[in-house]
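The structure under discussion appears below in the form of structure tokens.
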Amino acid sequence: MTNTSARRGRGEAPRTVAVHIYDRHTTPDRDALRHRLEACSAFARRQGWEIVGWYVDSGTDAFTYDRRPALDRLLHSMSQGTDDRRLLIYDWSRLSNDLAVQAEYLRRVRGSGGTTNTVISGDNNSSTQRGRLRSLARVA
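The numbers in the UniProt record's numbering rise by one with no breaks, and the one at position 82 of the sequence shown is 82.
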């Protein structure tokens, strides 16, 4: 069963929720990475979402703002989709520990036609007014 987006008009077919799972991994501890990815997968399954891609930036790529090849591939893939597109991360630190950088990535996700959800960070859907306010409050 694939869950569909509640954002649809009368007479419109339900839209599939296509999830792109992302992680930024900076340490040699592969168990922590595996735990986060498994938690994202379980979260997506509970929602009935379809996982369409897995993306991990590791090593030096995970430390930089301007060089995230996996995230760039994710955003490109997201921009090609027509379904309800979601970036799913374990928590906000998987994008960056810098709040301004997080805000920039959220802007890029929206620019690619998607929204962002987290597994453990509370009201985490950037497509809702409350979720956007939480995201903005983190930066302010």
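We treat Cβ as the ideally placed atom computed from N, Cα and C, and that holds for glycine.
Just measuring C-alpha positions, the residue of Ser58, Ala42, Glu50, Trp49 sitting nearest aspartate 29 is Ser58. Where aspartate 23 is concerned, the enclosing beta strand (DSSP E) starts and stops at 17-25.
Relative to tryptophan 92, the option among Val17, Tyr22, Gly53 whose CA is nearest is Tyr22.
For valine 56, the beta-bridge partners assigned by DSSP are Asp23.
Residues of the same chain with a CB within less than 8 angstroms of the CB of valine 52, apart from the 5 flanking positions on each side, are Ala18, Val19, His20, Ser77, Gly81 in chain order. In the three-state reduction of the DSSP assignment, aspartate 84 falls in the strand class, which pools E and B. Three or more Cβ pairs drawn from the stretch 64-72 and the stretch 93-106 lie within less than 8 angstroms of each other, which places the two stretches in contact.
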